[in-house]
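A.B. asks: In UniProt numbering, the protein residues as written are 1 to 215. Built from N, CA and C at the ideal position, the CB exists for glycine as well. For clarity, every value in this text was computed on a predicted model and none was experimentally measured. This structure is in structure tokens; I'll ask about it shortly.
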């Protein structure tokens with residue numbers, strides 16, 4: 001007789017299978033019967049841990065988002081105090097962004113689920129607020145740059161952060177789907193593309209130094 005799985009083991013299996021099913025089939029095709037077929041865990045057992053499909057999908061999304069927050073939170077906060085010119089800003093942004101990119105491009109199921117969720121009806125204002133807390137490192141970066149050299153009053157700082165974060169996710173999804181290779185040129189291109197609005201406060205382009213060697 002197989003050993004009984006703990007609640008934590010069950011939840012881990014459910015979340016991993018949810019990521020996979022959404023990654024390969026999209027949000028609209030996800031269902032509890034498909035989850036049961038994938039895991040052997042029936043719907044009543046799933047309901048013991050997640051009250052409905054929205055709770056399951058949201059929990060799955062926020063667990064990934066929390067992992068991302070841990071990856072980018074390791075950059076010393078004191079580094080932002082050294083941002084005084086374009087080059088120092090470029091170095092800091094690369095240091096923050098590269099672990100984020102590497103995390104996203106390391107796992108097809110995880111990132112494709114994350115991308116699908118961001119473009120679904122389940123991506124509610126409540127989820128956005130929680131995600132902003134998880135991504136506060138990027139938010140603080142944009143705010144600190146704004147403190148050095150003011151963005152236009154007509155510029156929404158929050159939108160700058162979401163442009164940076166969401167476009168990175170979208171490009172990582174394209175890499176994982178085989179649309180673009182994950183090579184040196186494309187990594188640098190994505191980096192420059194998502195950070196360009198932040199660098200524009202200096203009236204210049206992001207640095208052109210080759211950073212992909214650090215990957």
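1. Which stretch, first to last residue, makes up the alpha helix (DSSP H) that contains residue 193?
2. To the nearest angstrom, how far is the alpha carbon of residue 131 from that of residue 60?
3. Over the uninterrupted alpha helix (DSSP H) stretch that includes residue 44, give me the two end residues.
4. Within 8 angstroms, do at least three Cβ pairs link the stretch 22-42 to the stretch 105-118?
5. Would you identify the three-state DSSP class for residue 124, choosing helix, strand or coil?
6. Output the distance between the C-alpha atoms of residue 101 and residue 42, rounded to the nearest integer angstrom.
7. With a cut-off of 8 angstroms, do at least 3 Cβ pairs link the stretch 184-193 to the stretch 120-135?
8. Excluding the five sequence neighbours on either side, which residues of its own chain have a C-beta within less than 8 angstroms of the C-beta of residue 108, listed in chain order?
9. Please work out which residues of its chain come closer than 8 angstroms, Cβ to Cβ, to residue 169, disregarding the five sequence neighbours upstream and downstream, and give them in chain order.
10. Measure the C-alpha to C-alpha separation of residue 5 and residue 142 and round it to an integer number of angstroms.
11. Check for me: the alpha helix (DSSP H) holding residue 119 runs from which residue to which?
12. One question on the structure: do residue 134 and residue 37 come within less than 8 angstroms of each other, judged by their Cβ atoms?
13. Exposed or buried, residue 208, counting other C-beta atoms within 10 Å across all chains shown (16 or more means buried)?
C.D. replies: By the coordinates alone:
1. 184-199
2. 13 angstroms
3. 43-49
4. yes
5. coil
6. 35 angstroms
7. no
8. 23, 176
9. 104, 111, 114, 115, 118
10. 45 angstroms
11. First-last for residue 119: undefined, no H or E at that position.
12. no
13. Residue placement at residue 208 is flagged as unreliable, the pLDDT there being 49, under the threshold of 50; a coordinate-derived value is accordingly withheld.
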